[in-house]
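Notes to accompany the following structure.
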Amino acid sequence: MQISFTLNGRPTTVDVEPATLVAELLREQLNLTGTHIGCDTSQCGACVVHLNGLPVKSCTLLAPALDGATLLTIEGLQGAPGSNQMHPMQEAFREHHGLQCGFCTPGMLMTAVALATEKPNLTEAEVRHGLEGNICRCTGYQNIVISVMAGAAAMNAAKGE
Amino acid sequence: MKPFAYHQPDQIPDAAKLLTSIEDSKLVAGGMTLIPTIKQRLASPVALVDLSKLGSLKGIIDDGASITIGAMTPHAVVAASKLVQTKIPGLAALALMIGDPAVRSRGTIGGSVANNDPAADYPAGVLGLGATIVTSTREIAADKFFLGLFETALEPGEIITAIRFPVPLKAGYSKFKAPASRYALVGVFVAKFADGVRVAVTGAGPGVFRVPPMEAALSENFDPSAIAAIKIDNDGLTSDIHAEADYRAHLVTVMAKRAVDAALS
């Protein structure tokens, strides 16, 4: 079947089998390999993308659900237009060592950006609750939580400018 | 995954017709249970009937003495709804405890109730509040809907369109989460109405069930102390790698007390 959607700001039309997962479509057909497949069982969150602005696990999403929708992947995350900078959440993860091996990081970032967008003044407890669906096997989460708090504050500051 | 045909009807009768006319077809709502099930090859439908184009199944309506939630309303929308937070805060709290943010973006109340997973959260809220399940053909009381392990009163081709919740005086939900899956090891929903209290338990057994002794005690005195001494018989409760039946029985009382606390706060 043919589906049309907006992918990271660009209109996109693809032919897919209905039994295609969005994570597969992104990685294998569209060559966007920033979205990672960790567990492939909806547990780990490495594959989180934004569907119409909401975080979803792309390993548990069928491609037909994209038809007419807006999809944002880690490749579409960017800083202020023309600034040549990373997204404030990415900057915060670098600044505060919010990653070690980096495998879970694309999903962490997408979940973190969605959290900070939904609720501007996040508490640490809300960050920890919000990250329940993203598993990291390196960091022990401490620096990830610090990064998300800092990134959320930076997103707020950027919004106020 | 094995290939399947995909249908996106925009009318409920068309969806029902597809479901009954194609053998081994399945409804898909948010897909949070069905897609993993297909990936594990525990199900191999030849066709999926996607309900997402049925706009009439989405949204939350204030009926005064009740709230009606469309079957395709995602958990995140119920959790964030000012209407639900105001009229049945215990139900909004339950929705916020399901899975994780990404699951709550996609998973729907109708899908959860139709699937009737023995450890799902919504069946406790639906039975605890004595809600009504509205389908494409009739209305079913919660007490007659949940028939046991993954089994409901739904007939082939019958589609849940909405759930209608009566507004209680007070209601609360508490669950002990299985840490990896965040399903309820035991979850208890307590609701106080003018004519009495309802207590519904999920996770502990093969299906959601009520606890009449706790309901009687809480109807007399709506306080955690009223049920502290009530023990649940472990006969028929689930024993698995996560917990023995004894422990689940113990947790029912603990979670029920916390649910009453939540309702009172």
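Quick note, the sequences are listed as chains A and Z, same order.
The opening position of the first sequence corresponds to residue 1 in the numbering used here, with each subsequent residue numbered one higher.
The opening position of the second sequence corresponds to residue 1001 in the numbering used here, with each subsequent residue numbered one higher.
Each residue gets a CB set at the ideal place from its N, CA and C atoms; glycine is no exception.
Remember, predicted model here, so these are calculated numbers, not experimental data.
Quick one: what does DSSP say Z/Lys-1082 is sitting in, helix, strand or coil?
DSSP places Z/Lys-1082 in helix when its eight states are reduced to three.
Please return the same chain residues whose Cβ sits closer than 7 Å to the Cβ of Z/Val-1113, not counting the five positions on each side in sequence.
Excluding sequence neighbours, Z/Val-1113 sits near Tyr-1122, Pro-1123, Val-1126, Ile-1133, Ile-1160 and Ile-1163.
Mind reading off the beta-carbon distance from Z/Leu-1051 to Z/Ala-1076? Whole number of angstroms is fine, and I expect it under 8 Å.
That pair is no contact at about 17 Å.
Using a cut-off of 9 Å between C-beta atoms, extract the partners of Z/Lys-1266 located in chain A.
Past the boundaries of the shown model lies residue 1266 of chain Z; chain Z is included only from 1001 to 1265, so the question cannot be answered.
Out of Z/Ala-1243, Z/Asp-1024 and Z/Lys-1170, state which residue places its alpha-carbon closest to the alpha-carbon of Z/Ala-1219.
Contrary to the premise, residue 1219 of chain Z reads as Ser rather than Ala in this sequence. Z/Ser-1219 has its Cα closest to that of Z/Lys-1170, out of Z/Ala-1243, Z/Asp-1024 and Z/Lys-1170.
Compare the C-beta of Z/Ala-1092 with all C-beta atoms of chain A and state if any pair is closer than 7 Å.
No, no contact with chain A.
Output yes or no for whether 7 Å exceeds the beta carbon distance between Z/Ala-1228 and Z/Ala-1217.
It is not a contact, given that the beta carbons lie outside the stated cut-off.
Tell me which residues share the same chain as Z/Ile-1061 and place their Cβ nearer than 6 Å to its Cβ, disregarding the 5 neighbours each side in the sequence.
Around Z/Ile-1061: Thr-1068.
Does any CB atom of chain A fall closer than 7 Å to the CB of Z/Pro-1045?
No, its Cβ sits nowhere closer than 7 Å to a Cβ of chain A.
Check whether the Cβ atoms of Z/Phe-1165 and Z/Ser-1066 sit closer than 7 Å, and answer yes or no.
Contact flag set, yes.
I want to verify the contact list: residues of chain Z whose CB lies under 8 Å from the CB of A/Met-1, in sequence order.
What A/Met-1 touches in chain Z: Tyr-1006.
Give a yes or no on whether the minimum CB-CB distance between A/Leu-54 and chain Z is below 7 Å.
Taking Cβ atoms only, chain Z reaches closer than 7 Å to A/Leu-54, which makes this a yes.
Does Z/Ile-1232 come out as helix, strand or coil in the three-state DSSP assignment?
If DSSP states are grouped into helix, strand and coil, Z/Ile-1232 belongs with coil.
What residue from A/Lys-57, A/Val-48 and A/Ser-83 has the CA that sits closest to Z/Thr-1033's CA?
Answer by Cα proximity: A/Lys-57.
Please return the same chain residues whose Cβ sits closer than 7 Å to the Cβ of A/Gln-2, not counting the five positions on each side in sequence.
Excluding positions up to five away in sequence, the list reads Thr-13 and Asp-15.
Helix or strand or just coil, what does DSSP make of Z/Ala-1162?
DSSP places Z/Ala-1162 in strand when its eight states are reduced to three.
By Cβ distance below 7 Å, which residues in the same chain neighbour Z/Arg-1182 in space, the five residues on each side in sequence not counted?
So the list reads Gly-1099 and Asp-1100, once near-sequence residues are dropped.
Given that Z/Ala-1103 touches chain A, what residues does it touch there, using C-beta distances under 9 Å?
Looking at the sequence itself, residue 1103 of chain Z is Val, so the reference to Ala does not match. Simply Ser-42, Val-56, Lys-57, Thr-60 and Gly-133.
Note down, in chain order, every chain Z residue with its Cβ under 8 Å from the Cβ of A/Thr-111.
By Cβ distance, chain Z contributes Pro-1101 and Ala-1102.
What does the Cβ neighbour count give for Z/Pro-1168, buried or exposed, with the cut at 16 atoms within 10 Å?
Burial call: buried.
Identify the contact partners of A/Pro-64 in chain Z, using a Cβ-Cβ distance below 8 Å as the criterion.
The contacting residues are Tyr-1006, Gln-1008 and Asp-1050.
Counting only runs that start and end within the stretch 1045 to 1113 of chain Z, where is the alpha helix (DSSP H) found for 4 or more residues in a row?
You should have 1075 to 1080, 1082 to 1087, 1089 to 1096 and 1101 to 1106.
How about A/Val-48: is its C-beta nearer than 7 Å to some C-beta of chain Z?
Closer than 7 Å to some Cβ of chain Z, the Cβ of A/Val-48 qualifies, so yes.
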